[in-house]
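Okay, so here's the structure we're looking at.
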Amino acid sequence: MSVDHTAFSRPGDVAPLPGAAGVRSPAGSGATTDEVMAVVASRELVDATTCFVGIGIPSTAANLARRLHAPRLVLVYESGAIGAKPGRLPLSIGDGELADSADAVVSVPEVFNYWLQGGHIDVGMLGAAQVDRFANLNTTVIGEYASPSVRLPGAGGAPEIAASCGEVVVVVHQSTRTFVAELDFVTTVGHGDGPGARERLGLRGRGPSAVVTDLGVLRPDPVSRELVLDALHPGVSLDIALAATGWPLRVAPDLSTTTPPSHDELAALRALVAAGARRP
Amino acid sequence: MHDGDCVALEGFTHLIPFAAGHEIVRQGRRDLTLARLTPDIVSDQLIGMGCVRKLVFSWGGNPGVGSLHRLRDALEHSWPHPIEIEEHSHAGLANRYVAGASGLPFAILRGYAGTGLAAGVTNVAEVACPFTGERVSAVAALNPDVSIVHAQQADREGNVQLWGITGVQKEAVLAARRTLVTVEEVVDALEPRPGATVLPSFVVTAVAEVPGGTRPSYATGYSERDDAFYASWDAISRDRRTFLDWMDAHVLAGARTR
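Protein chains in written order, with the working numbering: chain A, 482 to 761; chain B, 2 to 259.
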């Protein structure tokens, strides 16, 4: 289960993040910060493409996209469900509804070896506990590996999703705890140490194309591969984003503001979440 | 099963062999190497009850809920005793089973390159393609002493059929020296189902009929996943005393009353 890492990045023993779930976004649309994140992430997905989906906000965003602008988006879950069309948000990547609604269900070795490694997936959506300036991800430990202060779930499908999908969208809350100068552990390679890193490592996909946070959207510089702040969500100041980043954050000269969630987007998202809450 | 065995309990969120795991706890097995892609509640229970010496895994969490507190307590505080871990990605560990099932010494994949997993993990190495020289990752075959899976049905000859999300069970079974299968139901004849995995009796050591033996996981066609229990495990497992009391009441009590 690749990517339900956001749940583990905020165990009960740490302070809630500024953009934690349920907090009203200053956008004024009535959306929470998590809702803004899910909606903006969903817009990264293009219709009639294939998407390798993890649980958590990535799954929410992918299912939302399929209900809005990308009805032919093919959702692939690492449990082997290809073309899943769940009517409600699954709690795990192996919920029965994913298999029941899928075009095909294949084994775990097959989904990774043939479908993902074989180059059939356009985009992967991943969460993380830590992100660095090159969009490398940590979902393994906080602290030393041998004596971690927080043991996170581990890799799951993430390393190969990031290696082999055409591109990767990372969805993660932004704070100095998550946006760190140096990862405690490199679970998943984004853009490595910069230009040429993916090619040297033999990673076939193009790597992270966007990091969507509760504060805005970051994209890699085409040359240096370093993440650049591309847009802020409405009502979020640049100072907040800079202060929530553990390295000197580069800012796009034409820094823009994301479009607030529309009425339709919010209604679809809330219906999706409500259907999930009614699970038996 | 014996103390010290390498035991694979597979079932990728579906068909998790909970009843078999509980029997391992009741039998007080020790020093096990537990192999499982997605250690979840059943692994948390085995670790918290001190059955496991080493965990071979690729993602350890309570899906959609949070941490495995018994796993974390073992790794962060050595309770009830220190455990070793060997961690992979899903693709890496799945391919360890593929190699084991194929009778090969290793399998190859594109993975691990540039990650911390490549540096610190045993049973992973970089190799060159003999044809092109391209560098890829090799993972050593995993051949468990015992693989345990849960399935929907077996017939009276011991042929087993499972369907829905079939995970890595076929590979885990074919890689193992011995295979134990618990089933929802023993039927007179298996009805062929598209997409099902069939494990013929000649690769199955023993079958036990255990209706509901996968709860709180689920068996497609028989039961629903008990999401509420997965959520409640967070509070049960967070505290050592609460955990031990729960295991005593719900797992060990079964041993005393038999």
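Using N, Cα and C, we set each Cβ at its ideal position, and we do this for glycine too. All of these numbers come straight from a predicted model, not from anything done at the bench.
Item: Interface residues of chain B around A:Q611 at Cβ under 9 Å?; Value: Neighbours of A:Q611 on chain B: none; closest Cβ ~12 Å, over 9 Å.
Item: To the nearest angstrom, how far is it from the Cα of A:F593 to the Cα of B:I25?; Value: 31 Å
Item: Under 8 Å between beta-carbons, which chain A residues line up against B:T221? List them in chain order, please.; Value: G577, A580 and D581
Item: Identify each residue in the stretch 556-567 of chain A for which the Cβ-Cβ distance to at least one residue of chain B is less than 8 Å, and report them in chain order.; Value: E559, S560, G561 and A562
Item: Could you check if A:E591 is buried or exposed, using at least 16 other CB atoms within 10 Å of its CB as the buried criterion?; Value: buried
Item: At a Cβ cut of 8 Å, what residues of the stretch 226-254 of chain B count as close to chain A, listed as they run along the chain?; Value: R226, D228 and Y231
Item: According to the neighbour-count rule (16 or more other Cβ atoms, all chains shown, within 10 Å of its Cβ), is B:F132 buried or exposed?; Value: exposed
Item: Taking 7 Å as the limit between beta carbons, can you name the residues of its chain near A:R632, skipping five residues before and five after?; Value: V622
Item: Quick one: complete beta strand (DSSP E) runs, 3+ long, within the stretch 39-71 of chain B?; Value: 53-58
Item: Under a CB-based cut-off of 8 Å, is B:E185 close to chain A?; Value: no
Item: Would you mind reading off the limits of the beta strand (DSSP E) that contains A:D735?; Value: R731 to T738
Item: Could you check whether the Cβ of B:N96 sits closer than 8 Å to any Cβ belonging to chain A?; Value: yes
Item: Note down, in chain order, each residue of its chain lying with its Cβ closer than 8 Å to the Cβ of A:L753, except the 5 sequence neighbours on either side.; Value: T541, N544, L545, R548, R569 and L570
Item: Going by C-alpha distance, which of B:C7, B:I42 and B:A20 is nearest B:D32?; Value: B:C7
Item: Is the stretch 171-184 of chain B touching the stretch 118-129 of chain B, taking contact as three or more C-beta pairs under 8 Å?; Value: no
Item: Answer yes or no: do B:A114 and A:G683 have a C-beta to C-beta separation smaller than 8 Å?; Value: yes
Item: At 8 Å on the CB atoms, spell out the chain A contacts of B:A114, in chain order.; Value: A644, V670, L682, G683 and L684
Item: Applying the criterion that 16 or more other CB atoms from any shown protein chain within 10 Å of the CB defines a buried residue, is A:A755 buried or exposed?; Value: exposed
Item: In three-state DSSP terms, what is A:I457?; Value: A query on residue 457 of chain A cannot be resolved here, the shown segment of chain A reaching from 482 to 761 and no further.
Item: Give a yes or no on whether 8 Å exceeds the smallest Cβ distance from B:K171 to chain A.; Value: yes
Item: Should B:D246 be labelled buried (16 or more other beta-carbon atoms within 10 Å of its own) or exposed?; Value: exposed
Item: Compute the distance between the beta-carbons of A:L607 and A:V667, then report whether it is under 8 Å.; Value: no
Item: Which chain A residues are close to B:E87, counting only those with a beta carbon under 7 Å from its beta carbon?; Value: Per Cβ cutoff of 7 Å: no residues; B:E87 is ~11 Å from chain A at best.
Item: With a threshold of 8 Å between beta carbons, is A:I574 in contact with chain B?; Value: yes
Item: By the three-class DSSP mapping on this structure, what secondary structure does B:V169 have?; Value: coil
Item: Are any of the Cβ atoms in chain A nearer than 8 Å to that of B:F132?; Value: no
Item: For a contact meaning CB atoms closer than 7 Å, what does A:S588 contact in chain B?; Value: T167, G168, V169 and K171
Item: Please list the segments of the beta strand (DSSP E) lying wholly inside the stretch 658-697 of chain A, counting only runs of 3 or more residues, in order along the chain.; Value: 689-693
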